[in-house]
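Okay, structure first, notes after.
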Amino acid sequence: ESVGDGISENWLGKRVYGVTRFGSYATYINVPIVYVKETPKDWTDQQACAYPDQMVNDVMMYLLIVIQVQTLTAYYALEELGRLKPNNSVLVHSAAGGCGLAALSILSKKSAKVVGTVGTLSKLDFLNQKYGENPKFTFILREPAKDFESRAKQALLKMDQEDLFDIVLDSVMGNWFWPNYNLLEKEGKLVLYGSASFTPTGNLHPIWNIIQWIKLGWKYIWRPTIDPMKIVQDNKSVKLEPPSNIYEFRFDQAVEALTYLKSGKSI
1 ESVGDGISEN
11 WLGKRVYGVT
21 RFGSYATYIN
31 VPIVYVKETP
41 KDWTDQQACA
51 YPDQMVNDVM
61 MYLLIVIQVQ
71 TLTAYYALEE
81 LGRLKPNNSV
91 LVHSAAGGCG
101 LAALSILSKK
111 SAKVVGTVGT
121 LSKLDFLNQK
131 YGENPKFTFI
141 LREPAKDFES
151 RAKQALLKMD
161 QEDLFDIVLD
171 SVMGNWFWPN
181 YNLLEKEGKL
191 VLYGSASFTP
201 TGNLHPIWNI
211 IQWIKLGWKY
221 IWRPTIDPMK
231 IVQDNKSVKL
241 EPPSNIYEFR
251 FDQAVEALTY
261 LKSGKSI
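Structure, rendered in structure tokens:
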């Protein structure tokens, strides 16, 4: 639409996506040029919007429920925290979620051996169809938790992997925390990027909301310092596929979009 002082007018008319800290649910926003990239020609605006965290583009007619921590989280967890190496073995929880699918896309380029977990048969079928021809990928149901550790080991053995996991991406915690820990190889990395088992699905009491906001503020103050666009650029170098399974909602359907996101049915 327009550019600021000192910015080349060559940007005008281009399809772009970028990163903003907050406030992306708007018709127009201002974003510093260092946080803006040109959208690949073979990507839709919706795919560009879904790529990094809190993405914005030049057509903000839709609120996409996939605008959340996804690609950046997966990359940061695997590369920065997990120190991913080729042929590492990786356990990915919630593999059919936004972060999980982004992680699988990255891992497929790194020749990693992957065991992914999901909570429903429909998601298991989806992943088996998507990655069924990759002999280094296998998927299992997360439940029941009591025998999860043994089932995860069996999944590794099916891929001729006798060692345990070099990296575990844990988004559920709860009854799976200690099994995840026990499944780590020596000097393995356990990366926590969520706690779905502790997340209530209904409306919270107002007092509990206040407490959660205070906790979120404290975590924000002590957050690690990263350059999100550098991560996006590094991530692009492995030529990931554009986001798939995008669920579109009109901008005035924000409540419905977030409700669907919390339902656990989205892929």
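Note that the UniProt record's numbering has the sequence shown beginning at 1, numbered continuously upward.
Where is the CB? At the ideal position from N, CA and C, for every residue including glycine.
Its chain contains VAL3 as the residues whose beta carbon lies nearer than 6 Å to that of TRP11, once the 5 sequence neighbours on both sides are disregarded; these appear in chain order.
GLU256 and TYR247 have their alpha carbons spaced roughly 11 Å apart. Boundaries for VAL255: no beta strand (DSSP E) harbours it, while the alpha helix (DSSP H) harbouring it runs 254-262, taken from the DSSP string.
Among the bridge pairs identified by DSSP, SER24 is matched with none. If you check the CB distance, VAL16 and THR39 come in under 8 Å. DSSP places PHE251 outside any alpha helix (DSSP H), giving it a letter other than H or E. A contact is defined here as three or more CB-CB pairs under 8 Å, and the segment 84-93 meets this definition with respect to the segment 107-123.
Within the model, the alpha-carbon separation for ILE33 versus ASP160 is close to 48 Å.
By the C-beta criterion, the segment 155-172 is judged not to be in contact with the segment 122-134, since fewer than 3 inter-stretch pairs fall below 8 Å. The three-state reading of DSSP puts THR117 in strand, counting E and B together.
Secondary structure of ILE33 (DSSP, three-state): helix.
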